[in-house]
Amino acid sequence: MHSRVSEIRNMKGTKKIVAVTAYDYTMASLCEEGGADILLVGDSAGMVVLGHPSTIPVTMDHMCLFTGAVARARKGCMVVADMPFMSYQTGAADAVRNAGRLVREGADAVKLEGPYTDAIRAMAAAGIPVMGHIGLQPQSASLSGGYGVRGQTAQEADTLLEEARAIQESGAFCIVLEKVAGPAAGDITDSLHIPTIGIGSGPLCDGQVLVVHDMLGMYPARLRFVKRYASLSEDIRQAVSAYRDDVESGAFPAEEHTFPVRDG
Ligand code: KIV
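When we follow my numbering, the leftmost residue of the sequence shown carries the number 34, and every step to the right adds one.
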């Protein structure tokens, strides 16, 4: 088995898995230096990088570009690339072909939303490690109950557990639980032998993932399940404003920023 995959699998029950999204070289380098175990090239790029209102417009070409940039920054951690809308829903053969493109760009594994067990089995058989994703699935949210919390009733929690088991049996090495009620996420985590990684799903998962723009305070939306570890929007606004003042006043560039001539 792929060594990074077995490292992540072996963390279940021993050490929490730390995942964060990244879409470009510089941010990926900084997140790995900060200690992330997994860099997730999420299709959330559709919103935080490309400015769309959802992940639906994200294409394979976009994901290949972002995945290549993140993979070139990675030194040792795992890079997982999201499979965008309609890159796997159309059948297992499409899924394998598209996942192969992401692996060629440097991804160690791919992630897809929902219990697409045929696609997961086919990718795993082709040697491509797969991360599942259940709970809130942004690619199909408008068809399946919006952006609310999942697993708050016993029936919903049972369905989620069945989906998680089916994904595990299909060969996924790990599974993201998005916006699943805390106790339901805990039950799923206890019932699986593969790790769960939560986002908005409470503390009982085997690991956590956040969108980097949210945790660094760079994206305006305020989400209850996000903890902000920095306020970069404010820092960036202040820095650009100070730069503008310096350019206008002539304080920048100063002598130390200016190249002298060599002889006279
Ligand atoms: O696209 C993404 O960033 C994701 C995470 C929210 C898990 O899928």
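Every residue gets a Cβ at the ideal spot worked out from N, C-alpha and C, and that includes glycine. Remember, it's a predicted structure, so these values are computed and weren't measured experimentally.
Rounded Cβ spacing between R42 and I230 (contact assumed at less than 8 Å): In the sequence shown, residue 42 corresponds to position 9, counting from 1. In the sequence shown, residue 230 corresponds to position 197, counting from 1. The Cβ separation is near 12 Å, so there is no contact.
Quick one: grab the DSSP three-state call for T150. By one-based count along the sequence shown, residue 150 stands at place 117. In this structure, T150 counts as helix in the three-state DSSP scheme.
Ignore the nearest five residues each way along the sequence and tell me which others in M93's own chain have a CB closer than 7 Å to its CB. By 1-based counting over the sequence shown, the position of residue 93 is 60. Closer than 7 Å at Cβ, skipping near neighbours: P117, S120, N131, R134.
In its own chain, which residues sit with a C-beta less than 8 Å from the C-beta of L256, not counting the 5 before and 5 after it? The residue given as residue 256 occupies position 223 in the sequence shown. Only G233, D247 meet the Cβ criterion.
Please look up how many angstroms separate the CB atoms of L72 and E65, rounded, as I've assumed it's under 8 Å. One-based indexing of the sequence shown puts residue 72 at position 39. One-based indexing of the sequence shown puts residue 65 at position 32. Indeed, because the Cβ distance is near 7 Å, the residues count as touching under 8 Å.
Measure from the alpha carbon of K260 to the alpha carbon of each residue in A205, V294, V53, then state which is nearest. Position 227 of the sequence shown, counting from 1, holds the residue named residue 260. K260 has its Cα closest to that of V53, out of A205, V294, V53.
Using DSSP with H/G/I as helix, E/B as strand and the rest coil, what is A132? As a first step, residue 132 must be located in the sequence shown, where it is residue number 99. In the structure shown, A132 sits in a helix (DSSP, three-state: H, G or I).
Do A104 and G139 come within 8 Å of each other at the CB atom, strictly closer than that value? To locate residue 139, count along the sequence shown from 1; it is residue 106. To locate residue 104, count along the sequence shown from 1; it is residue 71. Cβ distance < 8 Å, so G139 and A104 count as in contact.
Find the nearest neighbour of L176 within the set G147, D70, G219, R37, judged by alpha-carbon distance. On the sequence shown, position 143 is the one that residue 176 refers to. Of the candidates G147, D70, G219, R37, the one whose C-alpha sits nearest the C-alpha of L176 is G147.
L243 beta carbon less than 8 Å from that of L265: Translated into positions along the sequence shown, residue 265 becomes position 232. Translated into positions along the sequence shown, residue 243 becomes position 210. Taking 8 Å as the Cβ cut-off, L265 and L243 do not qualify as a contacting pair.
Quick one: does the C-beta of G75 sit closer than 7 Å to a heavy atom of the ligand KIV? By 1-based counting over the sequence shown, the position of residue 75 is 42. G75 Cβ: within cutoff of the ligand KIV.
Under 6 Å Cβ to Cβ from G235, same chain only, skipping five residues before and after it: list those, please. Along the sequence shown, read from residue 1 onward, the residue named residue 235 stands at position 202. Around G235: G215, A218.
Considering only the alpha carbon of each residue, which of I200, I269, Q170, S224 lies closest to K212? To locate residue 212, count along the sequence shown from 1; it is residue 179. When each option's Cα is compared against that of K212, the closest is Q170.
E211: beta carbon under 7 Å from a heavy atom of the ligand KIV? Here residue 211 corresponds to residue number 178 of the sequence shown, with the count starting at 1. Result yes, Cβ under 7 Å from the ligand KIV.
Note the first and the last residue of the continuous beta strand (DSSP E) segment covering V244. For the purposes of this step, residue 244 is identified with residue 211 of the sequence shown, where counting begins at 1. Premise fails: V244 is in no beta strand (DSSP E) and is neither H nor E.
Extent of the continuous alpha helix (DSSP H) run through I200: Here residue 200 is taken as the residue at index 167 of the sequence shown, counted from 1. Where I200 is concerned, the enclosing alpha helix (DSSP H) stretches over 187 to 202.
Pairwise C-alpha distance: H85 and R137: On the sequence shown, position 104 is the one that residue 137 refers to. On the sequence shown, position 52 is the one that residue 85 refers to. When rounded, the distance between both Cα atoms is 26 Å.
Should V242 be counted as a contact of the ligand ATP given a C-beta to heavy atom distance under 7 Å? This structure simply doesn't include the ligand ATP; it includes the ligand KIV instead.
In terms of residues, what are the limits of the alpha helix (DSSP H) holding H35? In the sequence shown, residue 35 corresponds to position 2, counting from 1. H35 -> no alpha helix (DSSP H), and no H or E assigned at all.
Any non-hydrogen atom of the ligand KIV within 7 Å of M232 CB: Reading the sequence shown from its first residue, position 199 is the one you call residue 232. In the sequence on display, residue 232 carries Ile and not Met. Indeed, a heavy atom of the ligand KIV lies less than 7 Å from the Cβ.
Flag H246 as yes when its Cβ comes closer than 7 Å to any non-hydrogen atom of the ligand KIV, and as no otherwise. By one-based count along the sequence shown, residue 246 stands at place 213. No - the ligand KIV has no heavy atom lying nearer than 7 Å to the Cβ of H246.
What do you reckon, are the CB atoms on I221 and A187 nearer than 8 Å? In the sequence shown, counting from the first residue as 1, residue 221 sits at position 188. In the sequence shown, counting from the first residue as 1, residue 187 sits at position 154. Result no, Cβ atoms of I221 and A187 do not sit closer than 8 Å.
Could you check if T123 is buried or exposed, using at least 16 other CB atoms within 10 Å of its CB as the buried criterion? For the purposes of this step, residue 123 is taken as residue 90 along the sequence shown, with counting starting at 1. Result: exposed.
By DSSP, does E211 sit in helix, in strand, or in coil? Taking the sequence shown and counting its residues from 1, the one referred to as residue 211 is at position 178. It is a strand residue.
Looking at the ligand KIV, does it come within less than 7 Å of T54, judged from the CB to the closest heavy atom? Taking the sequence shown and counting its residues from 1, the one referred to as residue 54 is at position 21. T54 Cβ: within cutoff of the ligand KIV.
Taking the alpha-carbon positions, what's the D278 to E289 distance? Position 245 of the sequence shown holds residue 278. Position 256 of the sequence shown holds residue 289. Roughly 18 Å between the two C-alpha positions.
Taking 7 Å as the cut-off, does the CB of H166 come closer than this to any heavy atom belonging to the ligand KIV? Here residue 166 is taken as the residue at index 133 of the sequence shown, counted from 1. Flag set: Cβ of H166 near the ligand KIV.
Note the first and the last residue of the continuous beta strand (DSSP E) segment covering I230. If you number the sequence shown from 1, residue 230 lands on position 197. Run containing I230: 229 to 232, per the beta strand (DSSP E) assignment.
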